[in-house]
Amino acid sequence: MTILGIETSCDETGAAVVSKTDGGIELLSQSLATSLNKHAQTGGIIPEVAAREQVKFIIPTIENTLKEAFGYTFSQKSPPPVDAIAVTYGPGLIGSLLVGVETAKTLSMHWSIPLIPVNHMYGHIYANFFHNSEIVFPALALVVSGGHTDLVLLTSHHKLTVLGGTRDDAAGEAFDKIGRLLGLPYPAGPTISHLAEKGDEKAFILPRPMIGSKDFSFSFSGLKTAVFNLLKKNNWNFNDKTFSENNQQLLFDLCASVEYTIVSVLTRKTIAAAKEMKVKSVLLSGGVAANKNLRKTLHHEINNLAHSPYLSIPSPDLCTDNGAMIAAAGAYSKQRLHWTELSADPSLYY
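In the working numbering, the protein residues as written are -16 to 333.
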């Protein structure tokens, strides 16, 4: 079975072709375009700008992917050798989602092949299934990104239960908001991680909300507030270039302390859920899954568990939004829709 995947939930335009066999999922080709440079100039995503860039990128991105996989171009009269089109239909920015969904519907109608609706968050989880036959159910997925921080239990490919999620800011959102306070460019997560390598993670004792709660929920808004109050109390202004240049070590220590705090909460909750649910596999997924400290810490803690579940971590290029993960999720889905049956749903949950 061969699937074309399309991802346009936010500011990335992704397309990929995957093949599913008894041996698993193989990535045949993928293309990715992004409008991140435009949003970096404004310190965050502007939905209308993101949607307009999606319109610009969507057709070339899909055609590049099909050309790489099959030598196919849209000038050909016959359809490409794909069995279905998997497309993100939510959650995400409505304008961006519509570009992908309507393009997929048009191609589905034109080529007379079915559509597979894919939840964007499912997609992040299925980034773990490329050339990976070691994942065994039940599996626990930590989905951690700019908009979501969730612990999800999978007992099969078709049965999923959300154990807990963030009650306010997601982990990636916390990185970005704190980065703005520290005068760092958007997106701030990678920059904080880089600066943290030169800092002391124990320099500042920051709150770790809900780390000791008995449930599997998260909360990161208090951390952002704590950093804001710390800066205000000490009259530290990293948005002032002169202050920032003269206090580099202070910035390194703050970044290290912030990263340590977020990673420790994510890891503690994940380990607790893995123990309680007695899972056989743990899957890390989402944009924040590219964080080196999170990957290292989670690997260390998983290895210390008595029942030693298998830990799967996607390559960094599959952690951020991409078409490959959508195609992979579609390959394991049972749903097949006629093009008239699909609509975008920006507020979709699991």
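Think of the CB as a built atom: it goes at the ideal place given N, C-alpha and C, for glycine as much as any other residue.
Exercise. Near I254, which residues of its chain fall below 6 Å by C-beta distance, leaving aside the five closest residues on each side in sequence?
Worked result: E284
Exercise. Between the C-alpha atoms of D66 and L167, what's the straight-line distance to the nearest angstrom?
Worked result: 45 Å
Problem set entry | Residues that K3 bridges to, as DSSP identifies them | I8
Exercise. Among H131, M308, A209, which has the Cα closest to the Cα of D151?
Worked result: H131
For this session: State the DSSP-derived secondary structure class of G306, mapped to helix, strand or coil.
Result: helix
For this session: Just the C-alpha distance for L98 and K88, rounded to the nearest angstrom, thanks.
Result: 7 Å
Problem set entry | Three-way DSSP call (helix, strand, coil) for Y315 in this model | helix
Exercise. From V246, G172, G147, D159, pick the residue whose C-alpha is nearest to that of S196; which is it?
Worked result: G147
For this session: Could you spell out where the beta strand (DSSP E) holding Y293 opens and where it closes?
Result: 293 to 295
Problem set entry | For E(-10): DSSP bridge partner residues | G(-3)
For this session: Provide the residue span of the beta strand (DSSP E) that contains I68, from first to last.
Result: 67 to 73
For this session: Can you say whether P63 is buried or exposed, counting buried as having 16 or more other CB atoms within 10 angstroms of its CB?
Result: buried
Problem set entry | With 16 other Cβ atoms within 10 Å as the buried cut-off, status of M92 | exposed
Problem set entry | Span of the alpha helix (DSSP H), counted from its first residue to its last, around K50 | 30 to 53
Exercise. Should N305 go down as buried or exposed, given a rule of 16 or more other Cβ atoms within 10 Å for buried?
Worked result: buried
Exercise. So what does DSSP say about D133, is it helix, strand or coil?
Worked result: strand
Exercise. If we call anything under 8 Å between Cβ atoms a contact, is N115 one with G7?
Worked result: yes
Problem set entry | Continuous alpha helix (DSSP H) assignments of at least 4 residues falling wholly in the segment 77 to 106 | 77 to 94
Problem set entry | Proximity of I28 and A157 at Cβ, strictly below 8 Å | no
Exercise. Can we say the segment 36 to 43 touches the segment 67 to 85, given the rule of at least three CB pairs closer than 8 Å?
Worked result: yes
Exercise. Secondary structure at L249, three-state DSSP: helix, strand or coil?
Worked result: helix
Problem set entry | Secondary structure of S139, DSSP reduced to three states | strand
Exercise. Can the beta-carbon of L123 be found less than 8 Å from the beta-carbon of A256?
Worked result: yes
Exercise. According to DSSP, is F113 helix, strand or coil?
Worked result: strand
Exercise. Do you know whose CA, among F120, S316, G73, lies nearest L331's CA?
Worked result: G73
Exercise. Ends of the beta strand (DSSP E) at A124?
Worked result: 122 to 127
For this session: Determine the burial state of V70: buried for a count of at least 16 other Cβ atoms within 10 Å of its Cβ, exposed for fewer.
Result: buried
For this session: Closer than 7 Å by C-beta to E85: which residues in its own chain qualify, once you throw out the five before and the five after it? Chain order, please.
Result: none
Problem set entry | Reduced DSSP secondary structure (H/G/I, E/B, other) of L288 | coil
Exercise. Any idea what DSSP makes of A327, helix, strand or coil?
Worked result: coil
For this session: May I have the straight-line CA-CA distance separating N276 from S2, to the nearest angstrom?
Result: 32 Å
Exercise. So, I68 versus T(-4), is the Cβ gap smaller than 8 Å?
Worked result: no
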